[in-house]
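One structure is given here, and the rest of the page talks about it.
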Amino acid sequence: MVIDVLTLFPGMFQGVLSESILKIAREKGVLDVRLHNIRDYTEDKHRKVDDRPYGGGPGMVMSPQPVVDAVEAVRGDDPDAKLILLTPQGRVFDQKLARELAGEKRLILICGRYEGFDERILLLLKPMELSVGDYVLSGGEIPAMVVVDAVARLLPGALGDPESAAAESFQSGLLDFPQYTRPPEFRGLAVPEVLLSGNHAEIDKWRAQQALERTRQRRADLLDEPRNGGSHEQHR
Ligand code: 4GX
């Protein structure tokens with residue numbers, strides 16, 4: 008998958024792209040992230056990319072020319088590129104949307120700064136608007152990294168073990184069950200007996216119960232969702 012990122016701060020992405028799973032996915036050629044500086048597309052003689060809001064008020068607004076020209080230059084005539092703008096006004100990102108986006112050939116992520124974009128950017132480009140949650144960040148870069156990370160790990164070949172993505176929390180629609188590793192006792196706390204039993208049917212049953220009970224207690228909202236077709240029936 009190709010992901011183009013349009014930003015005023017391409018340097019913010021270097022760290023996350025050069026470590027761990029994103030690094031490996033890029034090395035394998037499963038993921039190709041291309042960073043573009045919106046400032047490189049401004050026609051302003053002082054390289055400005057923002058201006059004061061019409062009607063007054065605090066802060067600055069991103070000017071339409073640099074953003075629209077950047078998108079058009081990057082997209083070229085590729086009809087398959089899915090345009091996404093990171094904004095608190097957007098559809099809230101979740102695992103279902105991550106799976107949808109993982110099915111695309113190419114994403115173009117547009118990161119805003121300041122108080123937001125000139126509305127004509129939205130009217131002309133008609134991007135999908137996506138929010139990573141109901142809180143205010145100082146720019147769209149960290150949300151874009153969230154999208155890149157969640158999508159990349161779903162691409163075939165990105166993870167060492169293809170089962171790890173499928174087995175995980177939210178893929179099932181439930182929170183994770185508790186995990187333990189060695190030693191069998193640490194600071195007086197023992198690993199639950201069933202996990203040491205070697206009885207895999209009992210282990211699966213225990214894990215399913217734990218996941219369901221945790222979800223009931225901490226995120227009951229996830230249980231009312233019809234989600235991905237799966238049910239939360241316990242296997243007997
Ligand atoms: N999930 N922000 C974007 C500037 C902005 C405002 C409006 C375009 C339109 C956020 C979030 C988020 C803060 C990123 C404002 N750009 N983005 N930025 N939460 O808080 O996605």
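For what it's worth, our numbering labels the leading residue of the sequence shown as 8, then goes sequentially.
Here a beta-carbon is modelled for each residue, glycine too, at the ideal position from N, C-alpha and C.
On a predicted model such as this, the values are computed, not experimentally measured, just so you know.
Where residue i falls: helix, strand or coil (DSSP)
i           : result
residue 227 : helix
residue 78  : helix
residue 171 : helix
residue 196 : strand
residue 94  : strand
residue 222 : helix
residue 53  : coil
residue 46  : helix
residue 19  : helix
residue 139 : coil
residue 237 : Unreliable placement is indicated for residue 237, whose pLDDT of 46 sits below 50; the coordinate value is still reported in the next sentence. Looking at residue 237 - three-state DSSP - the assignment turns out to be coil, as it is neither helix nor strand.
residue 152 : helix
residue 242 : Because the pLDDT at residue 242 is just 46, under 50, the model does not fix this residue reliably, and the point stays unresolved.
residue 165 : coil
residue 103 : helix
residue 212 : helix
residue 30  : helix
residue 127 : helix
residue 35  : helix
Identity of the residue in the options nearest residue i by Cα
i           : options               : result
residue 180 : 228, 186, 161 and 210 : 228
residue 45  : 80, 60 and 24         : 80
residue 157 : 130, 14, 16 and 32    : 32
residue 18  : 148, 212 and 198      : 148
residue 132 : 193, 82 and 107       : 82
residue 96  : 70, 219, 78 and 140   : 140
residue 160 : 232, 205 and 107      : 107
residue 153 : 175, 118, 226 and 60  : 118
residue 40  : 9, 105, 48 and 64     : 9
residue 86  : 111, 77 and 143       : 111
residue 155 : 105, 15 and 212       : 105
residue 59  : 171, 213, 123 and 231 : 123
residue 232 : 102, 65, 144 and 61   : 102
Contact check, residue i vs residue j, beta carbons under 7 Å
i           : j           : result
residue 115 : residue 90  : yes
residue 196 : residue 150 : no
residue 72  : residue 50  : yes
residue 109 : residue 162 : yes
residue 38  : residue 12  : no
residue 68  : residue 125 : yes
residue 187 : residue 201 : no
residue 217 : residue 193 : no
residue 137 : residue 177 : no
residue 164 : residue 35  : yes
residue 182 : residue 120 : no
residue 77  : residue 48  : yes
residue 70  : residue 84  : no
Ligand 1 heavy atom lying under 6 Å from the CB of residue i
i           : result
residue 95  : yes
residue 60  : no
residue 38  : no
residue 177 : no
residue 124 : yes
residue 147 : yes
residue 143 : yes
residue 119 : yes
residue 265 : Within the shown structure, residues of the chain are numbered from 8 to 243, placing residue 265 beyond reach of any answer.
residue 138 : yes
residue 190 : no
residue 150 : yes
Interface flag, residue i vs chain D, CB-CB below 7 Å
i          : result
residue 17 : The structure shown has no chain D; it contains just one protein chain.
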